[in-house]
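> Everything in the sequence shown is counted per this note's numbering, starting at 1 for the first residue and increasing by one. This is the structure I have questions about; it appears just below.
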Amino acid sequence: MPYIKPEIRNNLEPEISQLVNKIVSEAQKDDPKTDFVGILNYVFTTVALKTTKKLFGQMRYWLIASLTGLFHNIADEFYRRLGASYENKQIEKSGDIEVYQDF
Numbered sequence: 001m002p003y004i005k006p007e008i009r010n011n012l013e014p015e016i017s018q019l020v021n022k023i024v025s026e027a028q029k030d031d032p033k034t035d036f037v038g039i040l041n042y043v044f045t046t047v048a049l050k051t052t053k054k055l056f057g058q059m060r061y062w063l064i065a066s067l068t069g070l071f072h073n074i075a076d077e078f079y080r081r082l083g084a085s086y087e088n089k090q091i092e093k094s095g096d097i098e099v100y101q102d103f
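Structure below.
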């Protein structure tokens, strides 16, 4: 989780809210169930690359490794915080796959 200072969050929040509204608006033009994922992918990739270019000017291996790690960590933390608890609720609701008990 990106635990950054509250003042940094507060400084970024207005633009993030505006961007969210634009993403929702674009996704609703066609099929939000599918389009929003592509839009988010584009936005996050573009923000990461433009920020890297502006800060460092060129791509280097350590930046590739750092950004790859960043995206992996985002996915892992997202799943840990939301996906796992959702899956656990579904197991309670529908029952587990019995073969898991063998392991």
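Yeah, the Cβ is synthetic: ideal placement off N, Cα and C, and Gly gets one too. As the structure is a computational prediction, the values presented were derived from the model and not from experiment.
Got a sec, what are the start and stop residues for the alpha helix (DSSP H) Arg80 sits in?
No alpha helix (DSSP H) contains Arg80, which DSSP labels as neither H nor E.
> Could you check whether Glu26 and Ile39 sit closer than 8 Å to each other, using their CB atoms as the reference points?
yes
> One question on the structure: do Thr52 and Leu63 come within less than 8 Å of each other, judged by their Cβ atoms?
yes
> Measuring alpha carbon to alpha carbon, tell me which of Asn88, Ile74, Gly95, Leu82 ends up nearest Tyr3.
Ile74
> What does a CB cutoff of less than 7 Å around Leu55 pick up in its chain, not counting 5 residues either side in sequence?
none
> For Gln58, does the three-state DSSP call read helix, strand or coil?
coil
> As a quick exercise: from Thr68, Asp76, Asp35, pick the residue whose alpha carbon is nearest that of Ala48.
Answer by Cα proximity: Thr68.
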